[in-house]
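Residue numbers (our numbering): 2 to 299.
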């Protein structure tokens with residue numbers, strides 16, 4: 002009974018915000034999101050404690066700095082939540098106001114090879130804004146997602162994500178692997194988030210902030226098997242509320258001849274890049290996620 006009530010409230014809230022996004026100015030939505038995030042810091046005690054623990058253990062900061070960072074992290078996530086409903090409005094004419102792209106040529110060079118591109122990113126900044134902006138820049142982009150357990154919310158998510166031209170591949174469905182390979186053979190881009198501990202997919206343990214962390218191997222495996230390019234791209238929010246999308250140089254995939262070793266080496270290389278980006282802007286990442294083995298965060 003309680004679960005059904007919670008579900009109805011959640012769906013109702015999301016639908017309300019969806020409608021509000023049609024008339025609430027974007028800057029006002031950002032401020033509302035920051036306020037929601039600030040409240041969430043105090044309300045979501047479990048996530049607050051985990052974020053503080055990870056910041057102190059992994060980033061090696063003192064308690065006062067950890068608290069300051071955690072508050073900014075929650076504010077950023079609150080803003081992400083509100084901004085998500087505005088992604089449907091991204092147009093080239095809005096780029097200069099809310100989005101700035103750095104080094105787009107790194108994607109252009111990889112795309113021109115026509116061997117497919119793996120766009121690697123993380124739950125950093127407003128990661129949901131990356132693919133819509135890349136799509137609006139003239140590229141064909143697919144994203145691998147999983148269905149949300151509440152059907153009504155999943156339908157809203159799919160609607161918002163596809164309005165800017167992105168294609169969705171649902172992870173775990175019978176033909177998802179074929180869809181991925183078909184897209185790469187067509188020279189398209191596949192966007193993947195590879196910074197979380199997802200037990201339901203193949204992973205290996207690699208070093209992440211000095212500790213072993215289970216990390217998806219799909220990115221490295223696809224690059225090794227199909228010869229496609231791997232280009233890191235991250236979105237960070239600056240102090241003016243503008244999203245800065247930075248495309249890094251293509252990652253050189255290592256091949257030793259031993260597949261198991263190659264998967265591990267390249268997954269570590271990708272993870273090292275993600276770690277370096279997070280270190281530069283630690284308040285932009287989701288430190289409350291169960292990223293490491295539980296016994297390492299006790």
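Where a beta carbon is used, it is the ideal one built from N, C-alpha and C, also for glycine.
Taking 9 Å as the cut-off, the beta carbon of residue 220 is found no closer than this to the beta carbon of residue 199. Boundaries of the beta strand (DSSP E) around residue 146: 142-146. Here residue 60 carries a coil assignment [DSSP, helix/strand/coil].
Under the criterion of beta carbons closer than 8 Å, residue 157 and residue 15 qualify as touching, at roughly 6 Å. Secondary structure of residue 45 (DSSP, three-state): coil. Here DSSP, grouped into helix, strand and coil, assigns residue 100 to strand. Separation of the CB atoms of residue 289 and residue 48 is rounded to 4 Å, and the pair is thereby assigned contact status at 8 Å. In the DSSP annotation of this structure, the continuous segment of the beta strand (DSSP E) that includes residue 193 starts and ends at 190-194. In this structure, 75 is the residue among 24, 236, 75 and 7 with its C-alpha nearest to the C-alpha of residue 36. Assigned with DSSP and collapsed to three states, residue 90 falls in helix. Residue 32 and residue 82 have their C-alpha atoms spaced approximately 11 Å apart. Taken through DSSP and simplified to helix, strand or coil, residue 118 comes out as strand.
Within the DSSP secondary-structure output, residue 246 pairs in a beta bridge with 102 and 236.
In this structure, residue 87 lies near residue 22, with their beta-carbon atoms less than 9 Å apart. Residue 262: member of the alpha helix (DSSP H) spanning 260-281, first to last residue. For residue 169, DSSP records a beta bridge to 144. In the DSSP assignment, residue 212 falls within the beta strand (DSSP E) that extends over 212-217. Setting aside the 5 residues that flank it on each side, residue 110 has no residue in the same chain whose C-beta is closer than 6 Å to its C-beta. A contact between stretches requires three or more CB pairs, one per stretch, nearer than 8 Å, and the region 258-266 fails this requirement with the region 238-247. Looking at the DSSP output, residue 286 sits in a beta bridge with 125. Closest in alpha carbon position to residue 254, among 140, 240 and 222, is 222.
In this structure residue 89 touches residue 164 by the C-beta definition: roughly 4 Å separates them, less than 8 Å.
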